[in-house]
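Order-wise, the sequence lines are chains A and B.
For the first sequence, my numbering assigns the number 50 to the initial residue and increments by one for each residue that follows.
For the second sequence, my numbering assigns the number 50 to the initial residue and increments by one for each residue that follows.
Ideal Cβ placement from N, Cα and C applies to all residues, glycine included.
Below you'll find the structure, written out as structure tokens, and then a few comments.
Number of protein chains: 2
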Amino acid sequence: MSLHEEMVAMGEKAVLASRGLARLSARKKTSILLAMADSLEARRDVIKVANSLDLEAAKASGMTAAMIDRLSLSDSRINSMAKGLRDVAGLKDPVGTVISRWIRPNGLEIVKTRVPIGVIAIIYEARPNVTCDAAGLCFKTSNAVILRGGKEAIRSNGAIVEALQAGGAVKGLPNNAIQLVATTDREAVKELVQLEGMVDLAIPRGGESLIRAVVEQAHVPVIKHYKGVCHTYVDAAANLEKALKICENAKCQRPGVCNAMETLLVHEAVAAQFLPLVAKRLGVELKVELRGDEASRAIVPSMTPATEQDWYAEYLELILAVRVVPSVKAAIEHINKYGSNHSDAIISESEDAQKEFTHEVGSAVVYVNASTRFTDGAEFGMGAEIGISTDKLHARGPMGLEELTTYKYVITGDGQVRE
Amino acid sequence: MSLHEEMVAMGEKAVLASRGLARLSARKKTSILLAMADSLEARRDVIKVANSLDLEAAKASGMTAAMIDRLSLSDSRINSMAKGLRDVAGLKDPVGTVISRWIRPNGLEIVKTRVPIGVIAIIYEARPNVTCDAAGLCFKTSNAVILRGGKEAIRSNGAIVEALQAGGAVKGLPNNAIQLVATTDREAVKELVQLEGMVDLAIPRGGESLIRAVVEQAHVPVIKHYKGVCHTYVDAAANLEKALKICENAKCQRPGVCNAMETLLVHEAVAAQFLPLVAKRLGVELKVELRGDEASRAIVPSMTPATEQDWYAEYLELILAVRVVPSVKAAIEHINKYGSNHSDAIISESEDAQKEFTHEVGSAVVYVNASTRFTDGAEFGMGAEIGISTDKLHARGPMGLEELTTYKYVITGDGQVRE
Numbered sequence: 050m051s052l053h054e055e056m057v058a059m060g061e062k063a064v065l066a067s068r069g070l071a072r073l074s075a076r077k078k079t080s081i082l083l084a085m086a087d088s089l090e091a092r093r094d095v096i097k098v099a100n101s102l103d104l105e106a107a108k109a110s111g112m113t114a115a116m117i118d119r120l121s122l123s124d125s126r127i128n129s130m131a132k133g134l135r136d137v138a139g140l141k142d143p144v145g146t147v148i149s150r151w152i153r154p155n156g157l158e159i160v161k162t163r164v165p166i167g168v169i170a171i172i173y174e175a176r177p178n179v180t181c182d183a184a185g186l187c188f189k190t191s192n193a194v195i196l197r198g199g200k201e202a203i204r205s206n207g208a209i210v211e212a213l214q215a216g217g218a219v220k221g222l223p224n225n226a227i228q229l230v231a232t233t234d235r236e237a238v239k240e241l242v243q244l245e246g247m248v249d250l251a252i253p254r255g256g257e258s259l260i261r262a263v264v265e266q267a268h269v270p271v272i273k274h275y276k277g278v279c280h281t282y283v284d285a286a287a288n289l290e291k292a293l294k295i296c297e298n299a300k301c302q303r304p305g306v307c308n309a310m311e312t313l314l315v316h317e318a319v320a321a322q323f324l325p326l327v328a329k330r331l332g333v334e335l336k337v338e339l340r341g342d343e344a345s346r347a348i349v350p351s352m353t354p355a356t357e358q359d360w361y362a363e364y365l366e367l368i369l370a371v372r373v374v375p376s377v378k379a380a381i382e383h384i385n386k387y388g389s390n391h392s393d394a395i396i397s398e399s400e401d402a403q404k405e406f407t408h409e410v411g412s413a414v415v416y417v418n419a420s421t422r423f424t425d426g427a428e429f430g431m432g433a434e435i436g437i438s439t440d441k442l443h444a445r446g447p448m449g450l451e452e453l454t455t456y457k458y459v460i461t462g463d464g465q466v467r468e
Numbered sequence: 050m051s052l053h054e055e056m057v058a059m060g061e062k063a064v065l066a067s068r069g070l071a072r073l074s075a076r077k078k079t080s081i082l083l084a085m086a087d088s089l090e091a092r093r094d095v096i097k098v099a100n101s102l103d104l105e106a107a108k109a110s111g112m113t114a115a116m117i118d119r120l121s122l123s124d125s126r127i128n129s130m131a132k133g134l135r136d137v138a139g140l141k142d143p144v145g146t147v148i149s150r151w152i153r154p155n156g157l158e159i160v161k162t163r164v165p166i167g168v169i170a171i172i173y174e175a176r177p178n179v180t181c182d183a184a185g186l187c188f189k190t191s192n193a194v195i196l197r198g199g200k201e202a203i204r205s206n207g208a209i210v211e212a213l214q215a216g217g218a219v220k221g222l223p224n225n226a227i228q229l230v231a232t233t234d235r236e237a238v239k240e241l242v243q244l245e246g247m248v249d250l251a252i253p254r255g256g257e258s259l260i261r262a263v264v265e266q267a268h269v270p271v272i273k274h275y276k277g278v279c280h281t282y283v284d285a286a287a288n289l290e291k292a293l294k295i296c297e298n299a300k301c302q303r304p305g306v307c308n309a310m311e312t313l314l315v316h317e318a319v320a321a322q323f324l325p326l327v328a329k330r331l332g333v334e335l336k337v338e339l340r341g342d343e344a345s346r347a348i349v350p351s352m353t354p355a356t357e358q359d360w361y362a363e364y365l366e367l368i369l370a371v372r373v374v375p376s377v378k379a380a381i382e383h384i385n386k387y388g389s390n391h392s393d394a395i396i397s398e399s400e401d402a403q404k405e406f407t408h409e410v411g412s413a414v415v416y417v418n419a420s421t422r423f424t425d426g427a428e429f430g431m432g433a434e435i436g437i438s439t440d441k442l443h444a445r446g447p448m449g450l451e452e453l454t455t456y457k458y459v460i461t462g463d464g465q466v467r468e
């Protein structure tokens, strides 16, 4: 069987599985999710053995310590995967929810109902916990899932999927509801995202290069974010104490994630007062490298000079680009030009400035007087997150269970015909 | 300027225009739409002259009478375009609507707000009224639009767009909110749908080959339907009188449209009673060519034998494929295999059969005891329609104003930082 045939076969199996999934009641899905969690814990040793083989290979290939940490499955990580499944089991099932319902003058009743999307492909990198999280969320929403993890984690992912399948099967998990691409052949990703009519949605998770490759190859819809170049704009009417705390949190609380601040914009009216506070707290005390434009460096000469590239940069580390702007409008223009439509904040006590900013910044999530770090499914109260979208269609910002569904219209009449 | 540069320039202008559009109030947009309608009527003679040049060229090139009819702009068609704009002016503006709003335990207020998509490209064929309809709907939802009509209608479309721009400009229509691709070069479509970061959505309207070409070339999201292979399934528990009226309507009321019935499925328990009625009313009286499977032809031998291709066919004329099935389940399987996810109906008085059918048929619109011909924005009460989607993401079924919007999250705090 060629790789193409192999992937088509997976796609066909997933389509069949998705029909079985659509028939499961919410109660049944809950019991399956709980059984999957139990099975993960029961097979803890098998999973750890598989993981140790992945780790050996990774060390032999000279993988960095950070990557090896991501790949490692300790007892506490296995516990937390199981807990994740139990948490998802406890969430409200969106499938079957009535979104709206109305009756036409001719008596037809139109019901717009939430339904599963069908078959979802998840393409991701080294972290094996994504295998479990994504499988749980897709199953909860009655979607069949085809998982394609990084080759470094192939044995760990295999053991996790086996545990989920075995545990779920006892309680009625349909065959092939959760499939893992068995080959590490890179071409498999391309084949997978070209299965038009079988795969309904592809969600790539990982570095920008992985995501760009998926988008370029895909014939099926893709929802993704390339990167998070998040801004905090400190307005002329900002409470500077609040602003400093928010900037510290947005930049330093966890700099390696997509909702961390990368660029600080400061209104010229408060720059001379605010930037020295930033230089002291972030620059000196928290060891953030500050890269400023000319106006910023006139106030804090110790800043590194910023170049045009800095405005586009997603550092993901303790580096911050700093720019002084003459107006809210200039801040908005900067964000709409250099930003990534992810998350951007204004710090201001002026309602006019807040309104202008929230109205005109085109990003998925716009904040007033809060840290951009809140862009997260759990922080939004969604309970779980399959990823974050900076696209404009279907889903924006954190994607939870509802975003893994679509809708259909069910129309009931009593013999109505069109005039 | 190369074609590529020309299209990039249009894309950039559209992005700028979309920012201006997002600032317009609902009241302002209404006055602009009314002014556009007045301008269309005031420039009726200019439009008719342009149209007559298109018609001359079309006749010289040997275009069919049906195509020439579609291309023709009579006074009544111009009136109806103007009325269309006035109707859209009177619809509720979805932009700025709050979809949901909640407060997190930390005090953050999350508001999910409806916003324009941004820049929409519409690619269509010969009918010049699409120019006006699409421009009106995109403008109403504060989206900038780039229109690419068929080359046969280039002069008519140009005159219509000029009328809309001139009328709208007086009341504050932003420059470049409505743009028409001036060249008839086929490559322009490809360039247009590859303007990632500028064009947010492409909607192709027309024949399947146009739509396939757009999908294959696109780097931006596309929403579309390839075709409408709509089924009516007459169940064992059907009221056959109702069933016959619905079948007549679904097949014959307007056979050339995507929501017309193409295949009739009949439960074997009622086939011997129902198919002779179909043969008499549709076959004999209404001149529908019936193409039946073996079981159907055993009952009505005058039917043409159906081949496998017939189950996939979108005839768009007075031809109907007919198949006898042993169960609701078999009907569902047929529809999910051969159908196009457009619109499918069950005729049955059995609640169990209705439920099984509406639950398991995967189409965008599923009917119980009604004609599939109701899949239409106006019939749904949307007031207007930009097209019909058989895709699963973002929009399914008739797409009205709401489907031309997306959402963003506006989050307001008082200094909240993430722990």
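- Under the 8 Å Cβ criterion, the region 239-258 of chain A does not count as touching the region 221-228 of chain A, having fewer than three qualifying pairs.
- Burial of residue 67 (chain B) is indicated by the presence of at least 16 other C-beta atoms within 10 angstroms of its C-beta.
- For residue 466 (chain A) against residue 420 (chain B), the beta-carbon gap comes to about 5 Å, under 8 Å, which counts as contact.
- If you check each beta-carbon in the region 427-441 of chain B against every beta-carbon of chain A, the ones closer than 8 Å belong to 428, 429, 430, 440, 441.
- Between residue 338 (chain B) and residue 367 (chain B) the beta-carbon gap is near 6 Å, inside 8 Å, which marks them as a contact.
- In the DSSP assignment, the residues bridged to residue 282 (chain B) are B:314, B:395.
- Taken through DSSP and simplified to helix, strand or coil, residue 162 (chain B) comes out as strand.
- Under the Cβ distance rule, residue 141 (chain B) does not count among the residues neighbouring chain A, no pair being separated by less than 8 Å.
- By the Cβ test, the region 234-250 of chain A is not in contact with the region 112-119 of chain A, since fewer than three Cβ pairs between them sit closer than 8 Å.
- Taking each of B:457, B:148, B:436, B:276 in turn and checking the Cα distance to residue 447 (chain B), the smallest one comes out for B:436.
- When secondary structure is reduced to three states using DSSP, residue 403 (chain A) falls in the helix class.
- In the DSSP assignment, residue 228 (chain B) falls within the beta strand (DSSP E) that extends over 227-229.
- A Cβ of chain B is located within less than 8 Å of the beta carbon of residue 465 (chain A).
- Residue 205 (chain A) is not a Cβ neighbour of residue 124 (chain A), given a cutoff of 8 Å.
- Inter-residue distance for residue 444 (chain B) and residue 138 (chain B) is about 22 Å (C-alpha atoms, whole angstroms).
- The beta strand (DSSP E) runs of length 3 or more contained entirely in the region 167-204 of chain B are, from start to end of the chain, 168-172, 193-197.
- The three-state reading of DSSP puts residue 266 (chain B) in helix, counting H, G and I together.
- Scanning its chain for C-beta atoms nearer than 6 Å, with the 5 sequence neighbours on each side dropped, one finds around residue 150 (chain A) the residues 160, in chain order.
- Inclusion of residue 191 (chain B) and residue 144 (chain B) in the CB contact set at 8 Å is warranted, their separation being smaller than that value.
- In this structure the region 265-274 of chain B does not touch the region 286-297 of chain B; the number of beta carbon pairs closer than 8 Å is below three.
- Of all residues in the region 69-85 of chain A, only 71, 72 come within less than 8 Å of chain B when Cβ atoms are compared, listed by chain position.
- Under the 8 Å criterion on CB atoms, residue 312 (chain B) is classed as non-interfacial with respect to chain A.
- Under the three-state reduction of DSSP, residue 92 (chain B) is assigned to coil, being neither helix nor strand.
- In the structure shown, residue 128 (chain A) adopts helical secondary structure according to DSSP, grouped into three states.
- At a beta-carbon threshold of 8 Å, the residues of chain B lying near residue 249 (chain A) are 441, 442, ordered along the chain.
- For residue 383 (chain A), the closest C-alpha among the options A:183, A:178, A:278 is that of A:278.
- With a 10 Å radius around the Cβ and a threshold of 16 neighbouring Cβ atoms, residue 340 (chain A) comes out buried.
- Assignment of beta-bridge partners to residue 415 (chain A) by DSSP yields A:393, B:459.
- DSSP places residue 436 (chain B) in the uninterrupted beta strand (DSSP E) bounded by 436-438.
- Residue contact with chain A for residue 291 (chain B): present (Cβ-Cβ distance below 8 Å to some residue of chain A).
- With 16 or more other Cβ atoms inside 10 Å of its own Cβ, residue 78 (chain B) counts as buried.
- The three-state secondary structure of residue 370 (chain A), taken from DSSP, is strand.
- Straight-line measurement puts the Cα of residue 128 (chain B) at about 39 Å from the Cα of residue 361 (chain B).
- When the alpha-carbon of residue 302 (chain B) is set against those of B:336, B:314, B:156, the nearest one is in B:336.
- A straight-line Cα-Cα distance of about 15 Å links residue 105 (chain A) and residue 199 (chain A).
- Within chain B, the residues 429 have their CB atoms less than 7 Å from the CB of residue 159 (chain A), given in chain order.
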